Amino acid sequence: MSRESRRRDQGPTRREQAAARREHLPRREVITAPRREVRRPHRTVAEDIDQETRVGRVFLQALIRTQLRLGLATVALVVVPLAALPLLFGLVPGVGALQAGPLPLWWLLLGFLVYPAILAVGWWHVRQAERNEARFTELVEGR
Amino acid sequence: MSSGFGEQMAVLGLTLTVVITIVLAAYSSRVARTTGDFYVAARSVPAWWNASAISGEYLSAASFLGVAGLIMVGGADAVWFPVGYAVGYVLLLALVAAPLRRSGAYTLPDFCEARLRSSTVRLAASVLVVVIGWLYVVPQLQGAGLALEILLGTPVWVGGVLVAAIVLVVLVGGGMRSVTMVQGFQYWLKLVAMLVPGLLLLAAWQLDGRPSALTDSVPTFRAETTVAVEADVRVVVDRATAVRANGTIDGEAVSGAAMLPAGTVAIDAGTELTFPAGADVPHLEGIPARTGEAWARPLEGTEHPLYRTYALMLALFLGTMGLPHVLVRFYTNPDGRQARRTALIVIALVGLFYLVPSVHGMLGRLYVPELLMTGRTDAVVLLLPGALLGEGLPGQLVTALVCAGAAAAFLATATGLTVTVAGVLSQDLVGRVVPDPIRSFRWAAVVAVLVPLVLGLLAASLPLAQAVALAFTVAASTFCPLLLLGIWWPRLTDLGAAAGLVVGGGLAVGAIAASTLLTDLGGWPDALLSQPAAWAMPTALLTMVLVSRATQHRLHPGVSRIMVRLHTPESAQLHQTWTARGSR
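Going down the list, the sequences are from chains G and C.
Letter 97 of the first sequence, counting from 1, is numbered 97 in our numbering, and no numbers are missing.
Letter 187 of the second sequence, counting from 1, is numbered 1187 in our numbering, and no numbers are missing.
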């Protein structure tokens, strides 16, 4: 659907509605039945996003912000401890010489333990990211 | 080392990989007729197989051979190389994988053009893909030359020419559509060829009484050892050592008993030296002779180690997301969700592989310390099985397996990069002259292989893993900020992106060129120029932000549509009218 045709489908603009109301003011009407509820058709968030309304933009920005925050948290979880290690070794030279059983501590940490650790963080990230997306999908489909 | 032992086995291992590669390529290119077929078909590939293909393409000779060699020399500080190569995928997963797949872009230039609606940025990106690709391929070809020279005694150019020829046969023969299958296979081959020998070597080390590498002396020859010097070297001798020699030492012909004086000694190519058991290993000039304990302590052995460590971390962590041959593969995922899962599996596969090389690095100091003298430390993975398992059948079989893995490493990365570089060349450069897409791809493939081959023969060779880190540095300083801002910051403009790519790429490439040409800098200039990621990447990022802020009027109105496409899950059934050019 092109943007023009979508706008047409939205019905009369606010200005047109106001004009219509003014025109109708002087007329008297005989009420013969309870007024039928005339409501704007219910729009889902999905349509809001598709039509780039302000509401749609807010929802999209919220999703992007959530995912960005999650991404940065994941990166921080991995990078901050790793980046702290050289500084620790540099400031406290004794740490570099620590032994963990037959191995130097750094070897145990950086040679072996780091790999399961980053895998665990990655797994957590995937779960959270998919959860965020599921929540968003539920929201936009108005279920 | 080129004499006798295991030569047939080495040839067998290498040949087997080459034959399997060509057969698989031919078979799967018959299944898929067109490029489109191939990528559509690839989408039915399960995530773990796609992840195998990515890992297969990623684990190059630098990982298979280079990492162990660097650890053998650099000890604690070199362990950051494998860690960085793996952690890069966490950043790729967290910030890039799903949005990039959802963009529908097939290559980085496609993404640039689609996100920024600018053919100028596209061109800049294409040039950078070629630069990064060639920086990455050159050490692969040089490494192949080194491996064949050490295993078979062939001249150093033979390996590179062979790899280049096989890559061309696979690509020009129509096998370009077959790469997923071949590379998935090559990952598992490399893993087995690393893991099995690693475990056997550990077992042999146990049986040998578990000698510790963390000694209080520099590495020594454990038994009487004959070292064949294959290129002119200058070595540093700590204590005068009595040897038997045959060749030229310090310009004088020697034959029989000789004395290596303390100090720097020049040894000519072709010289053979026999060291007695227990003698200290002379170290190549430039490789610091360190005791086992000093080797195992971090931040020793280089100038400004803290800066170098952080710059290396930054380059490797951020560079992975900008490697063009890796990103291409994410397109073969069916959707963003699968792209994320694929990245997660890659972290597992790559991490599993990197558990092993530090074992080789440690055992290398004990059992093949002569590599510290010849400088051929990249060969430690190839030579350890022979040294530790003996010259019997077990040692020969393991050597054959390792050779098969090494061949897979050269071929997988060289093929993947050549496909990517040739794709960009044919689309953006050759395609303007040769209209027929298949012929233009073939010409581009020839160019994409020949240029790095010639460069590799001309350029001095760095240790493999260090040379590959240069490609990561350029990627981190260019595509990394572009992707991060392009995906997460709607206000990035075409001018901002172009300025950042030019500044980041120019600084990184310029610094690398300067540090290779000006070899005797030393001190801070050397540290800053040889590890430029720490300042080039932030500069590029800042340039993109500042120039974009100054040129907000150039934002095109479709940006919000693109943001919808990049970030909303496919399950949300939104109108995803926008697709990147190049999606099929």
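C-beta atoms are modelled at their ideal positions from N, C-alpha and C, and glycine is treated no differently.
Predicted model, so just to flag it, every value in this text is computed and none were measured.
Round the Cβ separation of T1420 of chain C and V1167 of chain C to the nearest angstrom and send it over; I've been treating them as touching at under 8 angstroms.
Looking up residue 1420 of chain C in the second sequence gives position 420. Looking up residue 1167 of chain C in the second sequence gives position 167. Incorrect: roughly 12 angstroms between the Cβ atoms, too far for contact.
Using the beta-carbon of each residue, which ones in chain G are nearer than 7 angstroms to Y1354 of chain C?
Counting from 1 along the second sequence, the entry for residue 1354 of chain C is found at position 354. Within chain G, the residues near Y1354 of chain C are Y115.
What are the start and end residues of each continuous alpha helix (DSSP H) run of 4 or more residues lying completely inside the region 1505-1553 of chain C, in chain order?
1523-1530 and 1533-1550
I'd like the span of the alpha helix (DSSP H) that includes G111 of chain G, first residue to last.
Residue mapping note: residue 111 of chain G aligns to position 111 of the first sequence, counting from 1. Note, G111 of chain G: premise wrong, no alpha helix (DSSP H); not H, not E.
Work out the CA separation of T1241 of chain C and L1014 of chain C for me, nearest whole Å.
For the purposes of this step, residue 1014 of chain C is taken as the residue at position 14 of the second sequence. For the purposes of this step, residue 1241 of chain C is taken as the residue at position 241 of the second sequence. Those two C-alpha atoms are separated by around 38 angstroms.
Select from C:L1528, C:L1327 and C:A1448 the residue whose C-alpha is nearest the C-alpha of S1055 of chain C.
In the second sequence, residue 1055 of chain C corresponds to position 55, counting from 1. Of the listed residues, the one whose Cα sits closest to S1055 of chain C is C:L1327.
Taking the alpha-carbon positions, what's the L1574 of chain C to T137 of chain G distance?
Your numbering for residue 1574 of chain C matches position 574 in the second sequence. Your numbering for residue 137 of chain G matches position 137 in the first sequence. In a straight line, the C-alpha of L1574 of chain C is about 10 angstroms away from that of T137 of chain G.
Cβ closer than 8 angstroms: which chain G residues qualify as neighbours of H1585 of chain C?
Because chain C in this structure spans residues 1001 to 1584, residue 1585 of chain C falls outside the shown range and cannot be described.
Sorted by chain position, which residues of the same chain lie with C-beta nearer than 7 angstroms to W1524 of chain C's C-beta, five sequence neighbours on each side aside?
Translated into the one-based positions of the second sequence, residue 1524 of chain C becomes position 524. If we look at W1524 of chain C and ignore the five residues flanking it on each side, its Cβ neighbours are H1304.
Per DSSP, what kind of secondary structure is I1132 of chain C in: helix, strand or coil?
For the purposes of this step, residue 1132 of chain C is identified with residue 132 of the second sequence, where counting begins at 1. Helix, per DSSP.
Please go through the same chain and pick out, in chain order, the residues whose beta-carbon is closer than 8 angstroms to the beta-carbon of A97 of chain G, but skip the five residues on each side of it.
As a working mapping, residue 97 of chain G is identified with position 97 in the first sequence. The answer, listed in chain order, is P104.
Applying a beta-carbon distance threshold of less than 9 angstroms, which residues of chain C neighbour G90 of chain G?
As a position in the first sequence, residue 90 of chain G is number 90, starting the count at 1. Chain C residues near G90 of chain G: P1298, L1299, P1305, L1306 and T1309.
Tell me whether the beta-carbon of R1234 of chain C lies closer than 9 angstroms to the beta-carbon of T1264 of chain C.
The residue given as residue 1234 of chain C occupies position 234 in the second sequence. The residue given as residue 1264 of chain C occupies position 264 in the second sequence. Contact flag set, yes.
Quickly, what does DSSP pair Q99 of chain G with across the bridge? List them, please.
By 1-based counting over the first sequence, the position of residue 99 of chain G is 99. Answer is G:P104, bridged to Q99 of chain G.
Helix, strand or coil for G71 of chain G, going by three-state DSSP, please let me know.
Within the first sequence, residue 71 of chain G is the residue found at index 71, counting from 1. In this structure, G71 of chain G counts as helix in the three-state DSSP scheme.
Specify whether the region 1337-1346 of chain C and the region 1185-1198 of chain C touch according to this definition: at least 3 beta carbon pairs, one from each stretch, less than 8 angstroms apart.
no
Where in the region 1049-1129 of chain C do unbroken runs of the alpha helix (DSSP H), each at least 4 residues long, occur, reported from the N-terminal end onward?
1067-1074, 1080-1095, 1097-1103 and 1108-1116
Just tell me which of C:L1093, C:F1330 and C:L1464 has its CA closest to the CA of F1064 of chain C.
Within the second sequence, the letter at position 64 stands for residue 1064 of chain C. When each option's Cα is compared against that of F1064 of chain C, the closest is C:L1464.
Beta-carbon proximity check, T66 of chain G vs N132 of chain G, cutoff 9 angstroms
The count along the first sequence starts at 1 and reaches residue 66 of chain G at position 66. The count along the first sequence starts at 1 and reaches residue 132 of chain G at position 132. Cβ atoms of T66 of chain G and N132 of chain G: closer than 9 angstroms.
If you count every other CB in all the chains shown that lies within 10 Å of the CB of V1079 of chain C, and 16 or more means buried, which is it?
Walking along the second sequence from the start, residue 1079 of chain C turns up at place 79. Answer is buried; the Cβ neighbour count reaches 16.
Does the Cβ of G101 of chain G have 16 or more other Cβ atoms within 10 Å, making it buried, or fewer, making it exposed?
Position 101 of the first sequence, counted from the start, is the residue given in the question as residue 101 of chain G. With fewer than 16 Cβ atoms within 10 Å of its Cβ, G101 of chain G is classed as exposed.
Could you spell out the range, first to last residue, of the alpha helix (DSSP H) harbouring I1166 of chain C?
Here residue 1166 of chain C is taken as the residue at index 166 of the second sequence, counted from 1. Residues W1157 to V1172.
Please identify the residue among C:A1279, C:T1415 and C:C1403 whose C-alpha is closest to the C-alpha of T1225 of chain C.
Locating residue 1225 of chain C in the second sequence gives position 225, counting from the first residue. Cα-wise, what sits closest to T1225 of chain C is C:A1279.
Could you say which of C:M1544, C:D1250, C:H1360 and C:T1374 lies nearest to P1261 of chain C if we only look at CA atoms?
Start at 1 with the first residue of the second sequence, and residue 1261 of chain C comes out as number 261. Comparing Cα-Cα distances from P1261 of chain C to each of C:M1544, C:D1250, C:H1360 and C:T1374, the minimum goes to C:D1250.
Distance check for L70 of chain G and T1568 of chain C, CA to CA, integer angstroms please.
In the second sequence, counting from the first residue as 1, residue 1568 of chain C sits at position 568. In the first sequence, counting from the first residue as 1, residue 70 of chain G sits at position 70. Their backbone Cα atoms lie some 15 angstroms apart in a straight line.
Roughly how far, in whole angstroms, is the beta-carbon of C1112 of chain C from the beta-carbon of A1125 of chain C, given that I think they are within contact range, below 8 angstroms?
By one-based count along the second sequence, residue 1112 of chain C stands at place 112. By one-based count along the second sequence, residue 1125 of chain C stands at place 125. Going by Cβ atoms, the distance from C1112 of chain C to A1125 of chain C rounds to 4 angstroms, so yes, they are a contact pair.
Among the residues of its own chain, which have a CB less than 7 angstroms from the CB of R1102 of chain C, if the five just before and after it don't count?
Working through the second sequence from its first residue, we reach residue 1102 of chain C at position 102. So the list reads G1336, R1565 and L1566, once near-sequence residues are dropped.
For M1259 of chain C, the first and last residue of its enclosing alpha helix (DSSP H)
As a first step, residue 1259 of chain C is located in the second sequence; it is residue number 259 there, counting from the start. From DSSP, M1259 of chain C is part of no alpha helix (DSSP H) but of the beta strand (DSSP E) over E1252 to L1260.
Quick one, which of C:R1340, C:G1247, C:S1560 and C:V1169 has its alpha-carbon nearest I1022 of chain C's?
Taking the second sequence and counting its residues from 1, one reaches residue 1022 of chain C at position 22. Closest by alpha carbon: C:V1169.
Starting from F1275 of chain C, follow the beta strand (DSSP E) in both directions and report where the run begins and ends.
The residue labelled residue 1275 of chain C in the question sits at position 275 within the second sequence. Segment E1272 to F1275, the beta strand (DSSP E) holding F1275 of chain C.
Counted within 10 angstroms of its Cβ, other Cβ atoms place Y1058 of chain C as buried (16 or more) or exposed:
Counting from 1 along the second sequence, the entry for residue 1058 of chain C is found at position 58. Classification for Y1058 of chain C: buried.
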